[in-house]
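S.K.: One structure, pasted below without further comment.
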Amino acid sequence: MFWRSVVGKLWFTILLLVTFVLFILTVLLLQFFENYHVDAAEKRLTKTAAKISTIVKETKDQELGLSIARELADQASILIVQGDKKYWNSTHPEEESRDTVISLISEDENLQRVTTHGEVVHEEMYMTENRGTSESPLMFIVGVPLSVDGQGNGGVYLYQSLAEIEEPARYTTKFIILAAGIAIVLTTIFAFFLSTRITAPLRKMKQAAFEVTKGNFETKVPILTHDEIGELAIAFNQMGRQLKFNLNALNQEKEQLSSILSSMADGVITFSQNGSILITNPPADQFLQAWYYEQNMNNQSIPEIPLKVVRLFESVVKSEKEQSAELTIQGQTWVILMSPLYNQTKIRGAVAVLRDMSEERKLDKLRKDFIANVSHELRTPISMLQGYSEAIIDDIASTEEEKKEITQVIYDESLRMGRLVNELLDLARMEAGHVQLHVAEIEMVELAERVVRKFQGIAKEQDVMLELQTNSQTQLPATIDADRIEQVLTNLVDNAIRHTPKGGKVTLGINSNQTEVHLSVEDTGVGIPEEDLPFVFERFYKADKARTRGKSGTGLGLAIAKNIVEAHRGVIVVNSILNQGTTFFIKLPKHY
């Protein structure tokens, strides 16, 4: 609205101020001019009356004196009282009669002082017969004492209507009012001009400010003047440039912080003072998604964060110290390190760093299992070596046959220990990448037949059927290290025969496509539990210790097989159903 705008307010303020000043000035001027004209009329009439009194006193020719008096009176009416004689002259014959004027003067005590006390008197008064009516005019009467040849006291009275006296005042009032009106109009024009000159740059600044709020920091305000408004425009433009610079700097810092958080391997969660999540990065999102998934599987209400993290947050806020905890979700182990966030001196939240320690915990478990398994595998042969050696030393074996039997046991156990040590060394070299493959192009079907022939005798002893499945009409050449691949197949077939009950079947299959050779070893044995499948290729890992006890094997064969296959840039996987059988699949590239 106009009245709410700067132009309206400025115009109204200037107009109100000028109007108030002109009103006060007009009232004062009117009062001044009114008093001035009355005072001027009083002085003029008093001076004229004094002259007439002097002329009447000094002129011997009474008619001549009265004639001169009439000329001097001009617009005023004359009443000369000399004893009982009264001379009257009026310039307005239509006015009041002489008797009325004489009666008015004789009744006024103040006017009587002219003749009784010889004083000069002036007074405003109404005509007697019209007094109290709306048409009764006011008169201004001046009386001057008169004395002629000692013939009693008298006086000269000049009276004139105040309407005639105030006529110049009315013209002056009209002139002042006209001047005030012209001044108000000019003031309005000037106020609009001034307000437009002031508000035009302000409107441009308002438009520029709205553009800045929309993000257009390139907006500039034109500098039209060199006064305070021009300086304000310069400051606004500088503010826009500085604001753009600061926002760009903040965006760069935000992007840099976001990039750092996104590229961090550890998860980061920032909590507000009430414990709600403010910021997360991708690893932290994975942690929360795993938590939500676990809660859905358990058909529970889904809290925002785990209860253990909530307790950790409360502990951090309460103690104002760094706290840590360990949490397992969906088989993954997370270590949470939480620290308080300060806003100057007050805690405004906390930041939690989440590290996935699953691999470290797994490696730690494997390390412990490896030590336990190595100790277990070495303890039996060492105990047997120690026991049978003591038997020889103590001459417990009395016959040569017994001594030879003991010696054979010691030899077999030493071979077993040597085989274990050699397998450990081979595995260590493979994992370190120090194994050199002697690759050459060979026929895969011939290699598979050789492995089958090697185990036919053992299979018959175990009453297990061993067969090779392949298309004999198809040649399957491949560039591999034949000895290493034969070692892999030997290990897999040996395991399959040992874990297949009598009457079972072991099948070695071979097939290929344009780029790969596919090998498989399938048995109808006892199978592997589902929870043990991810660990079958680990060193010394045995799914059923009781089942494998008493059978040859160190628990390193599958680990070595996996390393050999991967050295050929191949893949080995296992599928198994408990009490139904196990199948190992191998994919090898035809050309290494």
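Start counting at 1 in the sequence shown, then tack on 2, and there's your number in the numbering used here.
Ideal Cβ placement from N, Cα and C applies to all residues, glycine included.
Predicted model only: the values in this text are computed from it and were never measured.
Quickly, what does DSSP pair T335 with across the bridge? List them, please.
M.R.: BP columns for T335 point to T330.
S.K.: If we ignore side chains and look at the alpha-carbon of each, how far apart do F537 and V270 end up?
M.R.: 31 angstroms
S.K.: Count the CB pairs spanning the segment 354-370 and the segment 325-343 that are closer than 8 angstroms, and state whether there are at least three.
M.R.: yes
S.K.: Measuring only the C-alpha atoms, how far is A51 from I179?
M.R.: 35 angstroms
S.K.: Output yes or no for whether 8 angstroms exceeds the beta carbon distance between A450 and T481.
M.R.: no
S.K.: With the cut-off set at 8 angstroms, would you say A78 and L160 are in Cβ contact?
M.R.: Yes, they are a contact pair.
S.K.: Going by DSSP, which residues form a beta bridge with A354?
M.R.: I271 and M340
S.K.: Between which two residues does the alpha helix (DSSP H) carrying A461 extend?
M.R.: Under the DSSP assignment, A461 falls in the alpha helix (DSSP H) whose first and last residues are M446 to E463.
S.K.: For I143, count neighbouring C-beta atoms within 10 Å of its own C-beta (all shown protein chains included) and say buried if the count is 16 or more, exposed if not.
M.R.: buried
S.K.: Which stretch, first to last residue, makes up the beta strand (DSSP E) that contains S514?
M.R.: K507 to S514
S.K.: Between I574 and H593, what straight-line distance do the alpha-carbon atoms span, to the nearest angstrom?
M.R.: 17 angstroms
S.K.: Figure out for me which residue from N515, D525 and L252 has the closest Cα to the Cα of K507.
M.R.: D525
S.K.: Would A504 be called buried (16 or more neighbouring beta carbons within 10 Å of its own) or exposed?
M.R.: The sequence given here has Lys at residue 504, not Ala. Exposed is the call here.
S.K.: On a Cα-Cα basis, can you pick out the residue from V158, V40 and K45 that is closest to S55?
M.R.: When only C-alpha atoms are compared, the closest one is V158.
S.K.: Per DSSP, what are the beta-bridge partners of P285 in this structure?
M.R.: Partner(s): none; P285 has no beta bridge.
S.K.: Taking the alpha carbon of L74 as the reference point, which residue from N253, H501, V83 and L47 has its own alpha carbon closest?
M.R.: Looking at the Cα atoms, L47 is the closest of the given residues.
S.K.: Excluding the five sequence neighbours on either side, which residues of its own chain have a C-beta within less than 8 angstroms of the C-beta of D219, listed in chain order?
M.R.: According to the sequence displayed, residue 219 carries Phe and not Asp. Taking F219 as the centre and dropping the five residues before and after it, the same chain places the C-beta of G242, R243, L245, K246 and L249 closer than 8 angstroms to its C-beta, in chain order.
S.K.: What do you get for K370, buried or exposed, if any count of 16 or more other CB atoms within 10 angstroms of its CB means buried?
M.R.: exposed
S.K.: I'd like the list of long-range same chain contacts for A182, defined as Cβ closer than 7 angstroms, with 5 residues on each side in sequence excluded.
M.R.: L24 and T28
S.K.: Measure the C-alpha to C-alpha separation of V122 and G156 and round it to an integer number of angstroms.
M.R.: 12 angstroms
S.K.: Is the beta carbon of L387 less than 8 angstroms from the beta carbon of I408?
M.R.: no
S.K.: Below 8 angstroms on the Cβ atoms is my contact criterion, and I expect A327 with L314 to pass it. Report the Cβ-Cβ distance as a whole number of Å.
M.R.: 5 angstroms
S.K.: Can the beta-carbon of S522 be found less than 8 angstroms from the beta-carbon of F586?
M.R.: yes
S.K.: By how many angstroms is the C-alpha of V58 removed from the C-alpha of G154?
M.R.: Confidence in G154 is poor, its pLDDT being 46 and thus under 50, which makes the residue's placement unreliable; the coordinate value appears in the next sentence. One C-alpha to the other measures close to 14 angstroms.
S.K.: Sort I499, E213 and K348 by Cα distance to Q275 and report the nearest one.
M.R.: Ranking I499, E213 and K348 by CA distance to the CA of Q275 puts K348 first.
S.K.: For E488, report the span of its alpha helix (DSSP H) as first-last.
M.R.: A484 to R500
S.K.: Does A193 pass the burial test, meaning 16 or more other C-beta atoms within 10 Å, or should it be called exposed?
M.R.: buried
S.K.: So the alpha helix (DSSP H) I562 belongs to, where does it begin and stop?
M.R.: Secondary structure note for I562: its alpha helix (DSSP H) is the uninterrupted segment G559 to A569.
S.K.: Would you decide whether V423 is buried or exposed? Buried here means 16 or more other CB atoms lie within 10 Å of its CB.
M.R.: exposed
S.K.: So who's on the other strand from I79, going by DSSP bridges?
M.R.: Just to set this straight, residue 79 is Ser in the shown sequence, not Ile. Paired residue(s): Y161.
S.K.: Return yes when the Cβ of G351 is within less than 8 angstroms of the Cβ of V312, no when it is not.
M.R.: no
S.K.: G529 and N497 - do their beta-carbons sit closer together than 8 angstroms?
M.R.: no
S.K.: Output the boundary residues of the beta strand (DSSP E) element that contains K589.
M.R.: G583 to P591
S.K.: Provide the residue span of the beta strand (DSSP E) that contains I262, from first to last.
M.R.: Here I262 belongs to no beta strand (DSSP E); instead the alpha helix (DSSP H) covers E230 to S265.
S.K.: Strictly by DSSP, which residues pair up with D525?
M.R.: V508 and T584
S.K.: Taking E36 as the reference, give the member of T282, R172 and I566 with the closest Cα.
M.R.: If you compare the alpha carbons of T282, R172 and I566 with that of E36, the shortest gap goes to R172.
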